[in-house]
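Undergrad:
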Amino acid sequence: MIDPQDFQNKLPEGLTLGRQIHDGGQRKVFEADDRGTKVVIKLMPEDERNRAEREVSIGSTFDHPNLPRILDDEVFDVELDGNEFVWFRERFIEGETLEKRTDNYDPCQALALAGDLIAAVTYLWEKHTVVHRDIKPVNIMVRPDGTFVLIDVGIGRHQTESSITSGLFGPGTRGHVAPEQMMPNKGRKLDSRTDLFLIGIVVYQVLVGVRPFRPRKPDYETKLLAGEWPHPEGLPPQIGDLLERLLGHRPHQRPSLEQARDMVSQAKKELACS
Amino acid sequence: MFLIQGGHQSSTHIEEGLPEGRADGVIWSPGDERPHLLRSRMAEAAEHEVVQAFDPQLYVALLEDPNPKRLPDYELFDLPLPPRQFSARRLAQLVEGIIDFQIELPVTHLIAPTVAVSSMTDRSAQIALNLAETSLDVAEDRDDDRPLLISVAAEESVLADSESVDVLLDELTAHEAEGYYLLFEIDPSKDAAGQASLLSEALYVTYTLGVVQERPVWVGYAGLAGYLFRAVGAKGFAAGWFQKQQWFSTQHWAPGGGGRSPRPRIYLDTIFGSLLIDAELMPLRRQRRDAALAADLLDGAGDLAAGHAEGGPAPDAPRPVCAAQLLDVCAELDKRIVGDPEEDLDRIQEELDQAEGLYDRISAVGVELDGRSAGTQIGIWRTAIELFIDRAGLD
């Protein structure tokens, strides 16, 4: 248990801790005031230092509307209740996570989501050769203007780096993984097409209300690895085609980033989305 | 787009075929051309403003005891070249030499060197993928305007395993290639079911790269099956007169005798195959049990077919004339492609029914066909299309 007052006492002058906005076990996220500017402080245990440093090294260079900007270029150490932690600041994003949006999206909203997420992973891949690997509603912020920000890039991995974690589901979240993430021993490097699959899952989820691969079902792994998912009825064919491509069982069945962008743009145009 | 596949004694066909518009271009074979003659022939071809490319044929280099023919004259790589010579440093030098050589030629497209892939889990796959990646890096560095086609030479052992094909495609599509030059080993002496299965996987590779990934794809050494590759998204296919220019195999580079000169044979688009002129076509023309059969067989593309269709004595059919007929048939098949795989495959299936009807009529009049003429390709193509449609989820 972390005592926020203890943490506040150890922060630099001018930085005032606000409410905790996310509790991921040992990983905490707070609102804060940094000399009049609203920021986010991410606090992680010492054993997540590598991940935090990576997030900072990548995120401090971000200049993209659909990705968060890290405000520090290094992580800071802090001891809380006898345990070592690291922390850093990130620009505050107004809004709430997509996880808190329980109503189903209409096709145009879903396309807006797909377009923003594809823009974010395109930037990650083309500028930094990074795969996010953990795209899910809790890692997507919805701004008041309806635009989306892909957060928590710390789980992302440079394509040439070795995996920090290994095992069947890590990194990634059950229900939000691509087939190739289930087969870490196959030797394939992940690339941007893994993120496109994860975007497909989220887009499906906001349209249908459930994930295409239901993690609580006993045949979850079988269906994911076989690429079998229920095709929702009543969706515009443009959306159906997009889901079909994004959720391609094998990476080679998925679109390139450019194709994905074009598919979304074309669908928006055909569906007269503003 | 139909291209002439350079190969053994192909210069005549190229020189005659290009000016007469029988093909859209040529893929040159350094193994069959002396370097100085290649340059002059390329210059002549360039006057016709056709597509030209140079297949570096590095896939010969991994063979233990190849018959390299003219390849050593180019001094692009040692022969043989053992796998240990494909280290990262040496591989970069090798690729640079091969790409730079092509940049100096009047080609319209550059072709990346490759080795034949026998398995996705052995060294050949890693070498081939490294060659592709290095070629992309070199081409980007050279900043040449001409597109670089990544080449892939898939042996039967890869095509026989759909998981291997999936892995190959996953790897290939991870790179932003400008296009692909695909070579598939499908031995026509293999049993029909085996050939159909291999062909369906080759079609799937072509479809994935050409249609799903929207990249220009050429299929080399395709023979008349190039028609199927075009139907599933290949932008071009290549074929030449000799059998070795109609299906790919590194075994074509094994030492051995040249074999007999092929007997005069006429290719016909009505049956997607060929007949021996003396032993098969002429008896079919002479028989009277099915008076319309010869006319129906010959009711297609090509000057030689037209000459026979006129009746009278058999027109002279030296090899250049037979080769020109093949080129005309390939060009005709190429022209039929509308660019929608489902529509093209539907039409081809109807055409296969018609072709099968012609073979039935040949059988009914009692003319015996030899192994190469017997029409086994009809069943192979039909099965391959069905397997492909299922594999690609087009049904």
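Read top to bottom, the protein sequences are chains Y and U.
Residue numbers for the first sequence follow this note's numbering, so the first one is 28 and each next one is one higher.
Residue numbers for the second sequence follow this note's numbering, so the first one is 452 and each next one is one higher.
Glycine included, C-beta positions come from ideal geometry on N, C-alpha and C.
By the 9 angstroms beta-carbon criterion, what residues does the region 610–637 of chain U contribute toward chain Y?
TA: Listed by position along the chain: 617, 618, 619, 620, 621, 622, 623, 624, 625, 627.
Undergrad: Which residue's Cα is closest to the Cα of residue 250 (chain Y): Y:268, Y:202, Y:225, Y:287?
TA: Along the first sequence, read from residue 1 onward, the residue named residue 250 (chain Y) stands at position 223. Checking every option, the nearest Cα to that of residue 250 (chain Y) belongs to Y:202.
Undergrad: Please classify residue 626 (chain U) as buried or exposed, where buried requires at least 16 other C-beta atoms within 10 Å of its C-beta.
TA: Within the second sequence, numbered from 1, the residue matching residue 626 (chain U) stands at position 175. Burial call: exposed.
Undergrad: Determine, using beta carbons only, whether residue 606 (chain U) comes closer than 8 angstroms to chain Y.
TA: The residue labelled residue 606 (chain U) in the question sits at position 155 within the second sequence. Chain Y, which has no Cβ nearer than 8 angstroms to the Cβ of residue 606 (chain U), makes this no.
Undergrad: Considering only their Cβ atoms, is the gap separating residue 149 (chain Y) from residue 284 (chain Y) smaller than 8 angstroms?
TA: Along the first sequence, read from residue 1 onward, the residue named residue 284 (chain Y) stands at position 257. Along the first sequence, read from residue 1 onward, the residue named residue 149 (chain Y) stands at position 122. Going by C-beta atoms, residue 284 (chain Y) is nearer than 8 angstroms to residue 149 (chain Y).
Undergrad: Do you know how far the Cα of residue 59 (chain Y) is from the Cα of residue 31 (chain Y)?
TA: In the first sequence, counting from the first residue as 1, residue 31 (chain Y) sits at position 4. In the first sequence, counting from the first residue as 1, residue 59 (chain Y) sits at position 32. The alpha-carbon atoms of residue 31 (chain Y) and residue 59 (chain Y) are separated by roughly 12 angstroms.
Undergrad: So is residue 187 (chain Y) buried or exposed if we call it buried at 16+ other beta carbons inside 10 Å?
TA: Counting from 1 along the first sequence, the entry for residue 187 (chain Y) is found at position 160. Only weak support is given to the placement of residue 187 (chain Y): the predicted model assigns it a pLDDT of 49, under 50, and the question is left unresolved by the model.
Undergrad: Run through chain Y and tell me which residues come within less than 8 angstroms of residue 503 (chain U), C-beta to C-beta.
TA: To locate residue 503 (chain U), count along the second sequence from 1; it is residue 52. In chain order: nothing, as chain Y lies at least about 28 angstroms away.
Undergrad: For residue 100 (chain Y), count the other beta carbons within 10 Å of its own beta carbon; 16 or more makes it buried, fewer makes it exposed. Which is it?
TA: Along the first sequence, read from residue 1 onward, the residue named residue 100 (chain Y) stands at position 73. It counts as exposed.
Undergrad: The ligand SAH and residue 808 (chain U): does the residue's C-beta get closer than 7 angstroms to at least one heavy atom of that ligand?
TA: By its list of ligands, the structure shown contains no ligand whatsoever, and the ligand SAH lies outside what it can speak to.
Undergrad: Please name the residue or residues paired with residue 200 (chain Y) in a DSSP beta bridge.
TA: As a working note, residue 200 (chain Y) is residue 173 in the first sequence. DSSP, once it has assigned bridges, lists Y:203 as partnering residue 200 (chain Y).
Undergrad: Are the CB atoms of residue 604 (chain U) and residue 565 (chain U) within a distance shorter than 8 angstroms?
TA: On the second sequence, position 114 is the one that residue 565 (chain U) refers to. On the second sequence, position 153 is the one that residue 604 (chain U) refers to. Yes, these two residues count as a Cβ contact at 8 angstroms.
Undergrad: Rank Y:296, Y:94, Y:114 by C-alpha distance to the C-alpha of residue 154 (chain Y) and give the top, closest one.
TA: Stepping through the first sequence from its first residue, residue 154 (chain Y) is reached at position 127. Nearest option by C-alpha distance: Y:94.
Undergrad: Looking at chain U, is there any beta carbon in it that lies within less than 8 angstroms of the beta carbon of residue 278 (chain Y)?
TA: Within the first sequence, residue 278 (chain Y) is the residue found at index 251, counting from 1. Residue 278 (chain Y) counts as touching chain U.
Undergrad: Where DSSP assigns a beta bridge to residue 64 (chain Y), which residues make up the other side?
TA: As a working mapping, residue 64 (chain Y) is identified with position 37 in the first sequence. Paired residue(s): Y:61.
Undergrad: What are the boundary residues of the beta strand (DSSP E) that residue 693 (chain U) is part of?
TA: If you number the second sequence from 1, residue 693 (chain U) lands on position 242. That residue, residue 693 (chain U), is in no beta strand (DSSP E); it is neither H nor E in DSSP.
Undergrad: Since residue 766 (chain U) and residue 753 (chain U) are thought to touch, with beta carbons under 8 angstroms apart, how far apart are those beta carbons, to the nearest angstrom?
TA: Position 315 of the second sequence, counted from the first residue, corresponds to residue 766 (chain U). Position 302 of the second sequence, counted from the first residue, corresponds to residue 753 (chain U). Actually they are not in contact, since the Cβ atoms of residue 766 (chain U) and residue 753 (chain U) sit about 11 angstroms apart, beyond 8 angstroms.
Undergrad: Check whether the region 711–722 of chain U touches the region 808–826 of chain U, taking contact to mean three or more Cβ pairs, one atom from each stretch, closer than 8 angstroms.
TA: With the cut-off at 8 angstroms, the region 711–722 of chain U and the region 808–826 of chain U touch.
Undergrad: Identify the residues that DSSP records as bridge partners of residue 49 (chain Y): which are they?
TA: By one-based count along the first sequence, residue 49 (chain Y) stands at place 22. Answer is Y:56.
Undergrad: Look up residue 478 (chain U) in the DSSP assignment and say whether it is helix, strand or coil.
TA: For the purposes of this step, residue 478 (chain U) is taken as residue 27 along the second sequence, with counting starting at 1. Three-state DSSP puts residue 478 (chain U) in a strand.
Undergrad: Examine chain U for any beta-carbon lying closer than 8 angstroms to the beta-carbon of residue 197 (chain Y), and answer yes or no.
TA: Residue mapping note: residue 197 (chain Y) aligns to position 170 of the first sequence, counting from 1. With a pLDDT of 46 at residue 197 (chain Y), under the threshold of 50, the predicted position of this residue should be treated as unreliable, though the coordinate-derived value follows. Output row for residue 197 (chain Y): interface = no.
Undergrad: Which runs of the beta strand (DSSP E) fall wholly inside the region 142–179 of chain Y and span at least 3 residues, in chain order?
TA: Entirely contained in the region 142–179 of chain Y, the beta strand (DSSP E) runs reaching 3 residues are, in chain order, 167–169, 175–177.
Undergrad: Nearest to residue 456 (chain U) by alpha carbon, out of U:643, U:668, U:614, U:695?
TA: Along the second sequence, read from residue 1 onward, the residue named residue 456 (chain U) stands at position 5. Of the listed residues, the one whose Cα sits closest to residue 456 (chain U) is U:695.
Undergrad: Smallest Cα separation from residue 242 (chain Y): which of Y:265, Y:209, Y:222, Y:258?
TA: Residue numbering aside, residue 242 (chain Y) sits at position 215 when the first sequence is read from its first letter. Checking every option, the nearest Cα to that of residue 242 (chain Y) belongs to Y:209.
Undergrad: Report back the beta-carbon spacing between residue 112 (chain Y) and residue 72 (chain Y) to the nearest angstrom; my notes put them in contact at under 8 angstroms.
TA: Counting from 1 along the first sequence, the entry for residue 112 (chain Y) is found at position 85. Counting from 1 along the first sequence, the entry for residue 72 (chain Y) is found at position 45. Contact holds; Cβ gap of about 6 angstroms.
Undergrad: Specify whether the region 483–495 of chain U and the region 800–816 of chain U touch according to this definition: at least 3 beta carbon pairs, one from each stretch, less than 8 angstroms apart.
TA: These segments do not touch.
Undergrad: Could you confirm whether any beta carbon from chain Y is found closer than 8 angstroms to the beta carbon of residue 577 (chain U)?
TA: Taking the second sequence and counting its residues from 1, the one referred to as residue 577 (chain U) is at position 126. Chain Y contact via Cβ: absent.
Undergrad: How big is the Cα-Cα spacing for residue 254 (chain Y) and residue 37 (chain Y)?
TA: The residue labelled residue 254 (chain Y) in the question sits at position 227 within the first sequence. The residue labelled residue 37 (chain Y) in the question sits at position 10 within the first sequence. Those two C-alpha atoms are separated by around 50 angstroms.
Undergrad: What residue range is occupied by the uninterrupted beta strand (DSSP E) comprising residue 725 (chain U)?
TA: Taking the second sequence and counting its residues from 1, the one referred to as residue 725 (chain U) is at position 274. 724–727 is the span of the beta strand (DSSP E), which, as asked, contains residue 725 (chain U).
Undergrad: Residue 684 (chain U) to residue 648 (chain U), Cα distance in whole Å?
TA: Start at 1 with the first residue of the second sequence, and residue 684 (chain U) comes out as number 233. Start at 1 with the first residue of the second sequence, and residue 648 (chain U) comes out as number 197. Cα to Cα, residue 684 (chain U) sits roughly 19 angstroms from residue 648 (chain U).
Undergrad: Please give the ranges of any alpha helix (DSSP H) in the region 72–123 of chain Y, keeping only runs that are unbroken, at least 4 residues long and fully inside the region.
TA: Taking only runs of at least 4 residues, the alpha helix (DSSP H) segments lying wholly in the region 72–123 of chain Y are 76–86.
Undergrad: Taking the alpha carbon of residue 279 (chain Y) as the reference point, which residue from U:686, U:637, U:465, U:624 has its own alpha carbon closest?
TA: Taking the first sequence and counting its residues from 1, the one referred to as residue 279 (chain Y) is at position 252. Taking only the C-alpha atoms, the option nearest residue 279 (chain Y) is U:624.
Undergrad: Please check the pair residue 217 (chain Y) and residue 160 (chain Y), which I expect to be a contact at CB under 8 angstroms, by giving their CB distance rounded to whole angstroms.
TA: Within the first sequence, numbered from 1, the residue matching residue 217 (chain Y) stands at position 190. Within the first sequence, numbered from 1, the residue matching residue 160 (chain Y) stands at position 133. Indeed they touch by this definition, with Cβ atoms about 7 angstroms apart.
Undergrad: Indicate whether at least one CB of chain Y lies closer than 8 angstroms to the CB of residue 659 (chain U).
TA: For this step, residue 659 (chain U) is matched to residue 208 along the second sequence. For residue 659 (chain U), the answer is yes, since a Cβ of chain Y falls inside 8 angstroms of its Cβ.
Undergrad: Residue 788 (chain U) and residue 689 (chain U) look like a contact to me (Cβ under 8 angstroms); what is the Cβ gap, rounded to whole Å?
TA: Taking the second sequence and counting its residues from 1, one reaches residue 788 (chain U) at position 337. Taking the second sequence and counting its residues from 1, one reaches residue 689 (chain U) at position 238. Actually they do not touch by this definition, with Cβ atoms about 15 angstroms apart.
Undergrad: If you follow the beta strand (DSSP E) that residue 552 (chain U) is part of, which residue opens it and which one closes it?
TA: Within the second sequence, numbered from 1, the residue matching residue 552 (chain U) stands at position 101. From DSSP, residue 552 (chain U) is part of no beta strand (DSSP E) but of the alpha helix (DSSP H) over 539–554.
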